[in-house]
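Sequence positions in the sequence shown follow my numbering and run 18 to 363. Heads up, the beta-carbon is just placed ideally off N, CA and C, and yes, glycines get one too.
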Amino acid sequence: MVEGRRSGVADLLRELLLARPRARRFGVTGPPGAGKSSLIAALATLFRARGEEVAIVAVDPTSPFSGGALLGDRIRMNDLATDPGIFIRSMATRGSLGGLAAATREVIDLLDAFGFPNILVETVGVGQTELEIASTADSVAVVLVPESGDGIQAMKAGLMEIADLFVVNKADRVGADRMIRAIRQALLLKAGRGRRDVPAHHGVDLSRMGTRGDRAADPARALAPVAPAEAAPPPEPPAPHWRVPVLKTSAGRGEGIDELLERFLAHQRYLMVSGALEERRRARARRRIGDVIEGRLRHRAGVFLDRHPDLPRWVADVAAGRATAHGVAEKALAAIFREARETGTT
């Protein structure tokens, strides 16, 4: 009903969703072929071993030509299908951008209301544009593979900002360690601490030149023990924020999955203790309100244009350069709002 936007779905959601969210929402995103489905299947298996139920929402792309979708994620998770404690819902994007389907958020809310304690969400895998998951899940893992290219690519299009965990999957392949180092350096650059421990040009650390020179000029001082004041300062206490980990996994071999789950759960604990979970839920609620308003306005505008007798003339005027799309849109919006006031409809 929710995916098809059937009549009465708003009343249904009003009855079911008036409850505080309780489920832990984990998002898994990344480029195609990174092994997201295999990781989710492995995580679901671990949750079941702990005696916890799991819901999986797997989003697959809709063909722009045929309008169909393969829904291959369900095929790759076929081994889980017979487990009564696992519910898998495959969804097609149906033209939605950002890696999720239009109704993904409502479906996740329904699964939460149904009582699933853990919800795993897999995005469509379109590359660097899958940012909708950040406003849907509480904890987001960005999955990359050694073949993903330069680790700095992870910084593009906001992926660095949405990642609560970085996962280098298929870590048994050549280049995995190099990829991990590149991501960690990118995280340091983002935090403003990049290249802190890297010497200056040609390997000369100029910050130490003064001290060495002074001691060399004074032989007595050179032989004297280093005073405590010259010792390195004690490390700063850890900052009160989440430090994004970079993990190695091999879903095919079952390696690193336990640590991935523990880091996911540790991030959930951090969100609860720090109060960030409530902030994310409020931001998600605000985004949802805007999405519902935008969707209803778009639907209303589509219905209005489909039945308006002047639409062919407006289209011809814009195509011929006698009018602009902005001018026509303003005229149509004025008519839509005027009709809504006269009829009292929304």
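Find out if the Cβ-Cβ distance for the pair V159, I136 is shorter than 9 Å. No, they are not a contact pair.
Run through DSSP, which three-state label would D96 get? Secondary structure at D96: helix, using DSSP grouped into helix, strand and coil.
Cβ of R41 within 9 Å of Cβ of P134? Going by C-beta atoms, R41 is nearer than 9 Å to P134.
Rounded to a whole number of angstroms, what is the C-alpha to C-alpha distance between A351 and A120? It is roughly 29 Å from the alpha-carbon of A351 to the alpha-carbon of A120.
Euclidean distance between Cα positions of A208 and E164: Their Cα atoms are separated by approximately 25 Å.
Cβ neighbour criterion (16 or more within 10 Å) applied to M196: M196 is buried by the Cβ-count criterion.
Unbroken beta strand (DSSP E) run spanning V290, endpoints: Here V290 belongs to no beta strand (DSSP E); instead the alpha helix (DSSP H) covers I274 to S291.
When DSSP labels each residue in this structure, what does G312 get in the three-state scheme? For G312, the secondary structure class from DSSP, reduced to helix, strand or coil, is helix.
Opposite N135 in the DSSP bridges: which residues? According to DSSP, N135 shares a beta bridge with R41 and V71.
Do L375 and L282 have their CB atoms nearer than 9 Å? Residue 375 is absent from the model: the chain starts at 18 and stops at 363.
Considering just the uninterrupted stretch of the beta strand (DSSP E) at K53, what are its terminal residues? Per DSSP, K53 belongs to no beta strand (DSSP E); it is in the alpha helix (DSSP H), K53 to A66.
Please report how far the alpha carbon of E149 lies from the alpha carbon of V138, in whole angstroms. In a straight line, the C-alpha of E149 is about 11 Å away from that of V138.
With DSSP run on the structure shown, which of helix, strand or coil describes A268? Here A268 sits in coil by DSSP.
Relative to the alpha-carbon of G47, which residue among L33, P38 and A75 has its alpha-carbon at the smallest distance? The candidate whose alpha carbon is nearest that of G47 is A75.
Pull up the DSSP beta-bridge partners for F104, would you. According to DSSP, F104 shares a beta bridge with A72.
One question on the structure: do D17 and R270 come within less than 9 Å of each other, judged by their Cβ atoms? Summary: the structure shown does not reach residue 17, with the chain confined to residues 18 through 363, and so no result is reported for it.
Member of A154, I353 and R260 whose CA lies at the smallest distance from the CA of E295: Each of A154, I353 and R260 was checked against the Cα of E295, and the nearest Cα belongs to A154.
Is the stretch 92-106 touching the stretch 66-73, taking contact as three or more C-beta pairs under 8 Å? Taking a cut-off of 8 Å for Cβ pairs, the stretch 92-106 and the stretch 66-73 touch, as three or more such pairs fall below it.
Can you tell me which of L60, R260, R355 and K53 puts its alpha carbon nearest to the alpha carbon of A77? According to the sequence shown, residue 77 is Asp rather than Ala. Nearest C-alpha to D77: K53.
For A346, three-class secondary structure by DSSP: Residue state, collapsed to three classes: helix.
Rounding to the nearest angstrom, what Cα-Cα distance links R315 and W331 in this structure? Rounded to whole angstroms, R315 and W331 show a C-alpha spacing of 18 Å.
Please classify V19: does DSSP put it in a helix, a strand, or coil? In the three-state reduction of the DSSP assignment, V19 falls in the coil class.
On the three-state DSSP scale, how would you describe L13? Any answer about residue 13 is impossible in this case: the structure gives the chain only from 18 up to 363.
Check this for me: beta carbons of L97 and A61, under 9 Å apart or not? Less than 9 Å separates the beta-carbon of L97 from that of A61.
What would DSSP say about T360, mapped onto helix, strand or coil? Under the three-state reduction of DSSP, T360 is assigned to helix.
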